[in-house]
Structures are given as structure tokens and as C-alpha cells.
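Asks:
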Amino acid sequence: MKNPSFIYLLFGLFCLACNAPKVEEKAGTTFPTGNWIDLTHSFDENTIFWPTAESFHLDTVFEGTAAGGYYYSAFQFCLAEHGGTHLDAPIHFSEGKWSVEQIPVDRGIGEAVVIDVSENALKDSDYQISVADVTNWEAINGQIPTDGLVLFKTGYGQYWPDRVKYMGTAERGQDAVAKLHFPGIHPDLATWFTKNRKIKAVGLDTPSIDYGQSTLFESHQILYEQNILGFENLANLNKLPTKGSWVIALPMKIKGGSGGPLRIVALVND
Ligand SMILES: [Zn+2]
28 MKNPSFIYLL
38 FGLFCLACNA
48 PKVEEKAGTT
58 FPTGNWIDLT
68 HSFDENTIFW
78 PTAESFHLDT
88 VFEGTAAGGY
98 YYSAFQFCLA
108 EHGGTHLDAP
118 IHFSEGKWSV
128 EQIPVDRGIG
138 EAVVIDVSEN
148 ALKDSDYQIS
158 VADVTNWEAI
168 NGQIPTDGLV
178 LFKTGYGQYW
188 PDRVKYMGTA
198 ERGQDAVAKL
208 HFPGIHPDLA
218 TWFTKNRKIK
228 AVGLDTPSID
238 YGQSTLFESH
248 QILYEQNILG
258 FENLANLNKL
268 PTKGSWVIAL
278 PMKIKGGSGG
288 PLRIVALVND
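Whatever position you read off the sequence shown (first residue = 1), add 27 for the working numbering.
#1: Tell me, which residues are paired with GLU98 by DSSP?
#2: So does GLY286 have its beta carbon nearer than 6 angstroms to some heavy atom of ligand 1?
#3: Under the three-state reduction of DSSP, which class applies to ALA262: helix, strand or coil?
#4: Run the CB neighbour count on ASN296, radius 10 Å, all protein chains shown included, and call it buried at 16 or more, exposed below.
#5: Are there three or more Cβ pairs, one per stretch, closer than 8 angstroms when the stretch 252-262 is compared with the stretch 159-166?
#6: Short of 6 angstroms in beta carbon distance, which residues of its chain neighbour THR87, apart from the five on each side in sequence? Order them along the chain.
#7: Please name the residue in THR67, THR60, PRO59 whose C-alpha comes closest to that of GLY230.
#8: Extract the residue ranges of the beta strand (DSSP E) inside the stretch 206-242, only unbroken runs of 3 or more that lie entirely within it.
#9: How do the stretch 109-125 and the stretch 283-291 stand: do at least 3 beta-carbon pairs fall below 8 angstroms, yes or no?
#10: For a minimum of 3 consecutive residues, which ranges assigned as the beta strand (DSSP E) are wholly contained in the stretch 118-181?
#11: In the DSSP output, what is GLY110 paired with across the bridge?
What follows is the structure, encoded as C-alpha cells:
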């Protein structure tokens, strides 16, 4: 007859062995590998801003050989929050929601999907991305992941920085706003996202998440009310796969800001 306490001891050791972490499975010791894609346009004198917004200015403070004999350069810049590749913070269109510094840092980081709507959008500069565009995409690719970042490729990124092709007009000032033509997210799709999917952000390769002819900016209102972030004027979306990329989007941390310059990159899995 076996000693019962010996059996318990064996059973206990077995359980300990099961629960012990294996060295090779230790999480967090290796950074993922892959190709890094920069989704950010450089800021310079050609950077596209909203027709009523201040453009980017870079002024030289000093450039050359300093009195001590060493090379030295320093500049100062000035720009509106909403120009170039930038973040829209929820407070941009929703009172009381997050301003830039209040956004938890992980909200701009996550699994990304790229939904290509360029076939329709390139034919119609007033195209609004529909619920069907997303549900058709999901029928082929599966559901958008929870806490995913949804990037729309309209194809207009290829026109940057040609303002006429990119946004319909190169004119500046209030009268130019009515002449804007570029695709955006239909308000029905914005509502669909808030009711049917849990996402962190939307982004696209146009100047605004609402289409150029929008006057009420309803998709801004609907998404930002739910603290969903907006990324505008994205670059290089044509270099991302439909699925299998991770995005890191880190805006300049402007206290109280409604948006700001964004450095956004993607890691594409090997
Ligand atoms: Zn904006």
C-alpha cells in the first residue's frame, strides 16, 4: 500500500512544475522585430494646413560656428495645432473630453488595420467612407480587433503636398474652406463604430476625418464624444499591410491642447 502523503507530495510537486514559468516563454524580454514604417510627413514650408490655420514656420536662431569654435545650430518653430500629420484630441469637437496631455499614452498604441477605400475615393473627391466599406472589409479580413486603430487609405496621400490635388484648392483664408474637396468618414460610419466596435483611433491620408464639403463635422463630433482619437494627414499608408501592423502614435504633449503635431510609426511583422 502506498503512503497517501507521498502521493500528495508528488501531486504538489507536479503542480509546482506546471505553474513554473519556462525561461524561454518569459514575456517582455525581446522587442518585436519587423519593418518600421514612418507614417509622418516632415514639417516644412510645404506642409499642408487648413486654409484658415497658421502654416509652419522655422526660424533660425543660430547656425554656424559659435564663438568657442564649435558648430552650433538652433531653430524655433511656430505652427497651428491642426496641420501636417497631426492628432485631433477629443476636446477638439467635444467639450469636457480629453485634451492632448490627458490622453492615456496607450490610446495611440495598438494593432492597426488598413481599410483601402481608394478605388471609390479616387473617383470622387467628395466620397464618404461608408458602413458597407467596413463590413465588406470585415467579411474578408475578420472583425476589427478590440482596441484597434483603424486607418483608411483613400489614395490621396500620393498627392501630398500638391494642395489642389490633395484637398481641392490651394487658396487660403475663410473663403477657401467651401472649395475643399477630399474624402472622409461618413457620420453613419462614425455612429456605427461607437455602437458596434471598440476602437482607440481612426486615421486617414486626408486633411480631416470628415469630408472636405462637411460643414457640421459630424464624424468629429460623434467619435470624439466617445474619446476616440483622430489622426489626419497620414503618410505612407500604401506601405502597410491590411493587417499585421502595430502603430505607435505619440503627439506633442500640449497641455490643454485640442490637437498637435504627431509622430506616428508602424511596425510591420516579419
Ligand atoms: Zn485636426
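For glycine and all other residues, C-beta sits at the position ideal for the given N, C-alpha and C. Note that this is a predicted model, so its numbers are computed, not measured.
Replies: Looking at the atomic coordinates:
#1: Translated into positions along the sequence shown, residue 98 becomes position 71. As written in the sequence, residue 98 is Tyr, which differs from the Glu given in the question. TYR98 is bridged to THR92.
#2: Within the sequence shown, residue 286 is the residue found at index 259, counting from 1. Flag set: Cβ of GLY286 near ligand 1.
#3: By 1-based counting over the sequence shown, the position of residue 262 is 235. Three-state DSSP puts ALA262 in coil, outside helix and strand.
#4: Here residue 296 refers to the residue found at position 269 of the sequence shown. With fewer than 16 Cβ atoms within 10 Å of its Cβ, ASN296 is classed as exposed.
#5: With the cut-off at 8 angstroms, the stretch 252-262 and the stretch 159-166 do not touch.
#6: By one-based count along the sequence shown, residue 87 stands at place 60. The residues PHE102, in chain order, have a CB closer than 6 angstroms to that of THR87 in the same chain once the five nearest residues on each side in sequence are set aside.
#7: Residue numbering aside, residue 230 sits at position 203 when the sequence shown is read from its first letter. That would be THR67, whose Cα lies nearest to the Cα of GLY230.
#8: Correct list: 226-231.
#9: The stretch 109-125, when compared against the stretch 283-291, does touch it at the 8 angstroms Cβ threshold.
#10: Runs of beta strand (DSSP E) with 3 or more residues, each lying fully within the stretch 118-181, are found at 136-143, 175-180, listed in chain order.
#11: Residue 110 sits at position 83 when you count from the first residue of the sequence shown. In the DSSP assignment, GLY110 forms a beta bridge with PHE76.
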